[in-house]
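Just so we're aligned, residue 157 is where the sequence shown starts under the working numbering, counting upward by one. For glycine and all other residues, C-beta sits at the position ideal for the given N, C-alpha and C. Here the structure is a predicted model, which means the values were calculated and not measured. Worksheet for the structure shown next.
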Amino acid sequence: MSSATSTTEEPKSQAEIISTYRQMTSDMQGMIQQLTKFEIELNEHRLVEETLTPLDPDRRAFRLVGGVLVERTVREVLPTVKDVRTNLEELVKSVKERLDVKQKETAAWKAKYNIKTQEEVDAANRQ
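Encoded structure:
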């Protein structure tokens, strides 16, 4: 990641510190959006798997492949759905781990340079 290399170098100005912090938070937001997308897709695959499992293996099933609806049997579709679900579970786990690392890195950067968000400044002023 490019931001990891930039955080090891000492920034030269306050603008660089803020810019790096904003980039880090932007990266986190992107990861959260990715994670949400993958979790939705994972839930859809679980639902399809739960729906197909009790059905007759020779029953017709339709699967969207590259934008084309393809007719198959439940016997042919179910293993593919299970494989994709398993891959999505691993992907979700991986993105969560990367997000945790990025959150810790961002929090450390924020603490190191004593960065305050507008909400924190407003909350401090109200007290």
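**Q.** For residue 246, the first and last residue of its enclosing alpha helix (DSSP H)
**A.** Position 90 of the sequence shown, counted from the start, is the residue given in the question as residue 246. Per DSSP, residue 246 belongs to the alpha helix (DSSP H) from 230-268.
Q | Spatial distance of residue 136 from residue 280 (CA atoms) | A | No statement about residue 136 is possible, as the shown extent of the chain runs from 157 to 283 and does not include it.
Q: Please classify residue 219: does DSSP put it in a helix, a strand, or coil?
A: Looking up residue 219 in the sequence shown gives position 63. For residue 219, the three-state secondary structure derived from DSSP is strand.
Q) With a Cβ-Cβ cutoff of 8 Å, do residue 282 and residue 187 count as a contact? A) For the purposes of this step, residue 282 is taken as residue 126 along the sequence shown, with counting starting at 1. For the purposes of this step, residue 187 is taken as residue 31 along the sequence shown, with counting starting at 1. Judged by their CB atoms, residue 282 and residue 187 are not nearer to each other than the 8 Å cut-off.
**Q.** Cα-Cα separation between residue 197 and residue 270, rounded to whole angstroms
**A.** Mapped onto the sequence shown, residue 197 falls at position 41. Mapped onto the sequence shown, residue 270 falls at position 114. Each residue's CA atom was taken as its position, placing residue 197 and residue 270 some 38 Å apart.
**Q.** Range of the contiguous alpha helix (DSSP H) that encloses residue 183
**A.** Here the question's residue 183 lines up with position 27 in the sequence shown. Its alpha helix (DSSP H) spans residues 170-208.
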